[in-house]
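Please read the structure below before turning to the comments.
Number of protein chains: 2
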Amino acid sequence: MLNRVRSAVAHLVSSGGAPPPRPKSPDLPNAPSPQTAAPPEAPRSPPATAGSGSAAPAKTVEARASFSRPTFLQLSPGGLRRAVDHAGRAVQSPPDTGRRLPWSTGYAEVINAGKSRHNEDQACCEVVYVEGRRSVSGAPREPSQGQGLCFYYWGLFDGHAGGGAAEMAARLLHRHIREQLKDLVEILQDPSPPPLCLPSTPGAPGSSDSSHLVGPQSCWSSQKEVTHESLVVGAIENAFQFMDEQMARERRGHQVEGGCCALVVVYLLGKVYVANAGDSRAIIVRNGEIIPMSREFTPETERQRLQLLGFLKPELLGGEFTHLEFPRRIQPKELGQRMLYRDQNMTGWAYKKIELEDLRFPLVCGEGKKARVMATIGVTRGLGDHNLKVCSSTLPIKPFLSCFPEVRVYDLTQYEHCPDDVLVLGTDGLWDVTSDCEVAATVDRVLSAYEPNDPSRYKALAQALVLGARGTPRDRGWRLPNNKLGSGDDISVFVIPLGGPGSYS
Amino acid sequence: MLNRVRSAVAHLVSSGGAPPPRPKSPDLPNAPSPQTAAPPEAPRSPPATAGSGSAAPAKTVEARASFSRPTFLQLSPGGLRRAVDHAGRAVQSPPDTGRRLPWSTGYAEVINAGKSRHNEDQACCEVVYVEGRRSVSGAPREPSQGQGLCFYYWGLFDGHAGGGAAEMAARLLHRHIREQLKDLVEILQDPSPPPLCLPSTPGAPGSSDSSHLVGPQSCWSSQKEVTHESLVVGAIENAFQFMDEQMARERRGHQVEGGCCALVVVYLLGKVYVANAGDSRAIIVRNGEIIPMSREFTPETERQRLQLLGFLKPELLGGEFTHLEFPRRIQPKELGQRMLYRDQNMTGWAYKKIELEDLRFPLVCGEGKKARVMATIGVTRGLGDHNLKVCSSTLPIKPFLSCFPEVRVYDLTQYEHCPDDVLVLGTDGLWDVTSDCEVAATVDRVLSAYEPNDPSRYKALAQALVLGARGTPRDRGWRLPNNKLGSGDDISVFVIPLGGPGSYS
């Protein structure tokens, strides 16, 4: 993300300040050491275990964190050089000679125009097999039962202040999701409502009998109904948290620099789950209609959450910041005058008399792409950032950032999709210069130029979207056809066909 | 509101627990003592100062708090007896002989079927004149300048655990709004953007010159643009807070019992502001289309806000509650098993091992109309409730309740309204048994039976809505035509015509 972290005021320190890591559960996937990273390979078909989303021709941790590109790009050493050339900004897509991505997904990316040394976006596309950890009845599962689950997975990770967090998330987040789903394998395939309570020990008698679970109710007249869908949402939410905790634990050993936005799609049992933490965006274009599948989390959209936290926990402001918002910085000479402000409970503005502590820097300031938390970071959800501190201070910013995504669910079975219906995921490099409507117009223009059954049309569409956001070099910059500036940021796009040649039913 | 506060588990104590009252500003309106309350009268036309929204033929504070009905009903002693008769439940509306409510607004109400002794709903409809406190330039205003502002005001207040808070809010909230608007009289009438900073003392030189306000910006490239509209929103938000603080200060002297939901409408300078704190509801029905103008604030809709507060401030839970949500009460014998739960960051559900502190009562429990905070209250925003405690405990509930409304704005000038376009306000007694669509159908049915220029049609519509929600006595209860139970709650409805005979342009 371009300028998401103000390099002038932010710095990374390796010392503490973040909460102590909690003990690692033995069930959590390990971060593979660089030496054991899977070699580049095409995505596997089910049933297969999760492969690595991002591996690279690299021999050291640092090199891997800096240079890796998604394995499905199958970049040769020469291709990698072209991919990281800020001057040429060649658009990268998986080769036609390789195996296609699941569902004939289209993908394209381009590096930034020089704002950071490396492309800090990362991507992952996988088919993941989930083997149940144990049966609901408590009996150990027979491997031959074959009752596992498969999910399709796409992830975009937009890094900032270093590429380490994005690289790690691309490599591991889907494994955390798999881990969270392991307990649900039988439950999700059972049409009856999920049991509210499970036995602690496998083999405990009567544990699959839900009748005993409905005990005498002291306060509820009935128990709450919990859907299968909400279990998947909960699994994805917790997977984000476990991923973030793993980054906190391993930040020293594995050079997990910076943080990243995460936008992932999980397709499971007929439903598409879109989970977003950050300022990437997903939309469905269906029969020309735009269906937003995410919203952005920025200092502006999360102002009230941030202010409330600063109000309830003033120690997090370190005496350096005020939780109040002002429309501009207050000058010391204005002390005693009355200035417009917004408190955490307000959406409107009112005047207040300026007091001494109002001269502190506001927790949230600026507008649009320039909005910042603690004058430092322009995105309020994501993974990592455990070492991020306010400039010239030991004040940690992480307490204000949330690793939890918002998850939206789209039922693929409720509508008969045609080959032109797609789910488009893009990092902010795309959306900063392209509106939803412009994307929909490009979808229509590009797809209509290809036969409906031509699987390469989605890759062409992804490339067209990336090219359209990058522009062409002209007048000392990258410019769009309307002569406005193109995006100088890293740009990454997935185009997922919802009714295309993919066979997902 | 029916059963909003569980009388079995809640009680009111007069001792402290709430935050200490802050000193009263000399600018705040005083609560008139009962002796000085204005006599019943029809709403005044502008220019006029705010009249009392709710006064009554009562001689003591207690009687006033218990029996008062809106002055615009002009109830005779006999009428008042009929209005409070739980058996007959006669629908009340302003008499045809009186002066009409502004804009020919329709109003109707009915008392509950016996759930509480008195009708705990209150209503207010006023035209309020706002005289500027001082000019922006700092010069004292000449009374002859006549540059004041007028706003139209409608308010519904649904009390619980006593009628005192609703009665006080009906009498005073519009005065707090007027007070907040006093500083804005000149600013709102000046088409240029509001000044970000005002002088502290009237007459300070150069204070109306906005050019000096744009000082050197250390961090913002430009100042934030603040609209006139957002100033009105901020004024309404702060008026709710001041009203709540006044209730806290005067709760002992004035018998401000319980609390109330507040739904108010302010029409000012071409825009309709709908502010809601609680579970009343406002919708616009425009050319048959439904435009929601509020949302309800309940333990379910505000679950994550409540849980976050309990998580960040565990002392507010007093060791009696857990901030985690469970789908049903956990039995002690289930310790060690794994139960579905939701944390404050989650919208989905996941399993967790039950530990000792999970056996505490959940902060939020139940579903629908039975959802409760701390097993006590079913609404999470409103005014009052400063004395509300958890049963058999000194634990205050007020810290979890917010007095801040959500304000939605509707620009009346953006659409040419016809006489059938209305804004409908109702307490939950209406909405518990009537859907938005049913209300829209009643709007169509009733209004089409009257001439478009007949001002009595809006009163007839309000009566039809109240009757339709109350039903008729049959089979040992109040029943709707479909034989379902009607609402046994207090029901109050305003119908505000948006393009009717009212002359508000």
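Taken in sequence, the protein lines are chains A and B. At position 193 of the first sequence the residue is numbered 193 (the UniProt record's numbering), and the sequence of numbers has no breaks. At position 479 of the second sequence the residue is numbered 479 (the UniProt record's numbering), and the sequence of numbers has no breaks. Where is the CB? At the ideal position from N, CA and C, for every residue including glycine. Owing to the predicted nature of the structure, the values given are computational and were not obtained by experimental measurement.
Exercise for the section: Give the residues from the stretch 179-201 of chain B that approach chain A closer than 9 Å (Cβ to any Cβ), ordered along the chain. Expected result: Q180, D183, L184, P194, P195, L196, C197, L198, P199, S200, T201
Handout entry: Residue-level contact to chain B via CB, K398 (chain A), 7 Å cutoff
Key = The residue given as residue 398 (chain A) occupies position 398 in the first sequence. So, not an interface residue.
Problem - Beta-carbon proximity list for F311 (chain B), same chain, < 6 Å, skipping 5 on both sides - result: On the second sequence, position 311 is the one that residue 311 (chain B) refers to. Cβ neighbours of F311 (chain B) beyond the five flanking positions: H323, Q344.
Exercise for the section: Return the first residue and the last residue of the beta strand (DSSP E) that M339 (chain B) is part of. Expected result: Taking the second sequence and counting its residues from 1, one reaches residue 339 (chain B) at position 339. Per DSSP, M339 (chain B) belongs to the beta strand (DSSP E) from 338-341.
Exercise for the section: Could you pull the start and end residues of the beta strand (DSSP E) that C261 (chain A) belongs to? Expected result: As a working note, residue 261 (chain A) is residue 261 in the first sequence. First-last of the beta strand (DSSP E) with C261 (chain A): 259-268.
Exercise for the section: Return helix, strand or coil for R360 (chain A), following the three-state DSSP convention. Expected result: As a working mapping, residue 360 (chain A) is identified with position 360 in the first sequence. Coil at R360 (chain A), not helix or strand.
Handout entry: Residue of A:W349, A:A87, A:S492 minimising C-alpha distance to residue 506 (chain B)
Key = This structure leaves residue 506 (chain B) out entirely; chain B is present only between 1 and 505.
Practice task
Quick one: list the residues of chain B neighbouring V264 (chain A), beta-carbon separation under 7 Å, in chain order.
Solution key: Walking along the first sequence from the start, residue 264 (chain A) turns up at place 264. What V264 (chain A) touches in chain B: nothing, since even the nearest Cβ is about 14 Å away.
Practice task
Consider the Cβ of T298 (chain B): report whether some Cβ of chain A lies at a distance smaller than 7 Å.
Solution key: What you label residue 298 (chain B) is simply residue 298 of the second sequence in a count that begins at 1. False, the Cβ-Cβ gap to chain A never drops below 7 Å.
Practice task
Identify the contact partners of Q147 (chain A) in chain B, using a Cβ-Cβ distance below 8 Å as the criterion.
Solution key: Stepping through the first sequence from its first residue, residue 147 (chain A) is reached at position 147. Here the premise fails: no neighbours, minimum Cβ distance about 19 Å.
Exercise for the section: Figure out for me which residue from B:L309, B:N287, B:E237, B:R251 has the closest Cα to the Cα of N276 (chain B). Expected result: Here residue 276 (chain B) is taken as the residue at index 276 of the second sequence, counted from 1. Out of B:L309, B:N287, B:E237, B:R251, B:E237 has the C-alpha closest to the C-alpha of N276 (chain B).
Handout entry: Interface flag, M293 (chain B) vs chain A, CB-CB below 7 Å
Key = Working through the second sequence from its first residue, we reach residue 293 (chain B) at position 293. False, the Cβ-Cβ gap to chain A never drops below 7 Å.
Exercise for the section: Assign H176 (chain B) to one of three DSSP states: helix, strand, or coil. Expected result: Residue numbering aside, residue 176 (chain B) sits at position 176 when the second sequence is read from its first letter. In the structure shown, H176 (chain B) sits in a helix (DSSP, three-state: H, G or I).
Exercise for the section: Can you check DSSP and say which residues form a bridge with D411 (chain A)? Expected result: The count along the first sequence starts at 1 and reaches residue 411 (chain A) at position 411. Its beta-bridge partners are A:K271.
Problem - Span separating the alpha-carbon of Q92 (chain B) from that of D190 (chain A) - result: Counted from its first residue, the second sequence places residue 92 (chain B) at position 92. Counted from its first residue, the first sequence places residue 190 (chain A) at position 190. Rounded to the nearest angstrom, the two C-alpha atoms are 55 Å apart.
Practice task
Would you grab the beta carbon distance between E325 (chain B) and V364 (chain B) for me? Rounded to a whole angstrom, and I think it's under 8 Å.
Solution key: To locate residue 325 (chain B), count along the second sequence from 1; it is residue 325. To locate residue 364 (chain B), count along the second sequence from 1; it is residue 364. With 8 Å as the limit, E325 (chain B) and V364 (chain B) qualify as a contact, their Cβ atoms being about 6 Å apart.
Exercise for the section: Could you work out which residue in A:L335, A:L395, A:L423, A:E289 is closest to E320 (chain A) when comparing CA atoms only? Expected result: By one-based count along the first sequence, residue 320 (chain A) stands at place 320. Answer by Cα proximity: A:L395.
Practice task
Using beta-carbon positions only, say whether V493 (chain B) and A460 (chain B) come within less than 7 Å of one another.
Solution key: Position 493 of the second sequence, counted from the start, is the residue given in the question as residue 493 (chain B). Position 460 of the second sequence, counted from the start, is the residue given in the question as residue 460 (chain B). Not closer than 7 Å, so no.
Practice task
Using a cut-off of 7 Å between C-beta atoms, extract the partners of S93 (chain A) located in chain B.
Solution key: Taking the first sequence and counting its residues from 1, one reaches residue 93 (chain A) at position 93. Here the premise fails: no neighbours, minimum Cβ distance about 34 Å.
Problem - D411 (chain A) and K271 (chain A) closer than 7 Å at C-beta - result: Taking the first residue of the first sequence as position 1, residue 411 (chain A) is located at position 411. Taking the first residue of the first sequence as position 1, residue 271 (chain A) is located at position 271. Closer than 7 Å, so yes.
Practice task
Taking C-beta pairs closer than 8 Å, name the residues in chain A that N345 (chain B) reaches, listed in chain order.
Solution key: Your numbering for residue 345 (chain B) matches position 345 in the second sequence. Against chain A, the beta carbon of N345 (chain B) has neighbours under 8 Å at E237, Q241, S402, F404, listed in chain order.
Practice task
May I have the straight-line CA-CA distance separating E179 (chain B) from V128 (chain B), to the nearest angstrom?
Solution key: As a first step, residue 179 (chain B) must be located in the second sequence, where it is residue number 179. As a first step, residue 128 (chain B) must be located in the second sequence, where it is residue number 128. C-alpha separation (whole angstroms): 11 Å.
Exercise for the section: Just grab the DSSP bridge partners of K353 (chain A) for me. Expected result: Translated into positions along the first sequence, residue 353 (chain A) becomes position 353. Per DSSP, the beta bridge partners of K353 (chain A) are A:R338.
Practice task
Starting from G318 (chain B), find everything on chain A with Cβ-Cβ shorter than 7 Å and list it in chain order.
Solution key: In the second sequence, counting from the first residue as 1, residue 318 (chain B) sits at position 318. The contacting residues do not exist; G318 (chain B) stays about 17 Å from chain A at best.
Handout entry: As assigned by DSSP and simplified to three states, the class of K59 (chain A)
Key = Start at 1 with the first residue of the first sequence, and residue 59 (chain A) comes out as number 59. Residue placement at K59 (chain A) is poorly supported in this model, since its pLDDT is 38, which falls under 50; the coordinates still yield a value, given next. K59 (chain A): coil per DSSP, three-state reduction.
Exercise for the section: Using three-state DSSP, classify S230 (chain A) as helix, strand or coil. Expected result: Here residue 230 (chain A) is taken as the residue at index 230 of the first sequence, counted from 1. Helix at S230 (chain A).
Problem - Contact with chain C by V433 (chain B), beta-carbon distance below 7 Å - result: In summary, chain C is missing from the structure at hand, where the protein chains are A and B.
Practice task
For the beta strand (DSSP E) holding L425 (chain A), just list the boundary residues, first then last.
Solution key: Working through the first sequence from its first residue, we reach residue 425 (chain A) at position 425. Element bounds for L425 (chain A): 422-426.
Exercise for the section: Answer yes or no: does any C-beta atom of chain B fall closer than 7 Å to that of W349 (chain A)? Expected result: Stepping through the first sequence from its first residue, residue 349 (chain A) is reached at position 349. By the rule that beta-carbons nearer than 7 Å mark a contact, W349 (chain A) touches chain B.
Practice task
With 9 Å as the C-beta to C-beta threshold (strictly closer), list the residues of the stretch 365-390 of chain B near chain A in chain order.
Solution key: C365, G366, E367, K370, R372, A375
Handout entry: Rounded straight-line distance, which links the Cα of E357 (chain A) to that of P216 (chain B)
Key = Position 216 of the second sequence holds residue 216 (chain B). Position 357 of the first sequence holds residue 357 (chain A). Confidence at P216 (chain B) is low in this model, with a pLDDT of 34, below 50, so the placement of that residue is unreliable and no value is reported for it.
Handout entry: Reduced DSSP category for D121 (chain A) - H, G, I as helix; E, B as strand; rest coil
Key = Walking along the first sequence from the start, residue 121 (chain A) turns up at place 121. Three-state result, D121 (chain A): strand.
Handout entry: Run of the beta strand (DSSP E) containing I291 (chain A), from where it starts to where it stops
Key = By 1-based counting over the first sequence, the position of residue 291 (chain A) is 291. Element bounds for I291 (chain A): 289-292.
Exercise for the section: For G336 (chain B), go through chain A and note every residue whose CB falls closer than 8 Å to its CB, in chain order. Expected result: Translated into positions along the second sequence, residue 336 (chain B) becomes position 336. In chain order: S200.
Exercise for the section: Leaving aside the five residues before and after I330 (chain B) along the sequence, list all residues of the same chain whose C-beta is less than 7 Å from its C-beta, in chain order. Expected result: Numbered from its first residue, the second sequence carries residue 330 (chain B) at position 330. These residues qualify, in order along the chain: M339, I354, D358, L359.
Exercise for the section: Output, in chain order, the set of chain B residues within a Cβ distance shorter than 7 Å of residue 513 (chain A). Expected result: With chain A represented from 1 up to 505, any question about residue 513 (chain A) goes unanswered, as that position is not in the structure.
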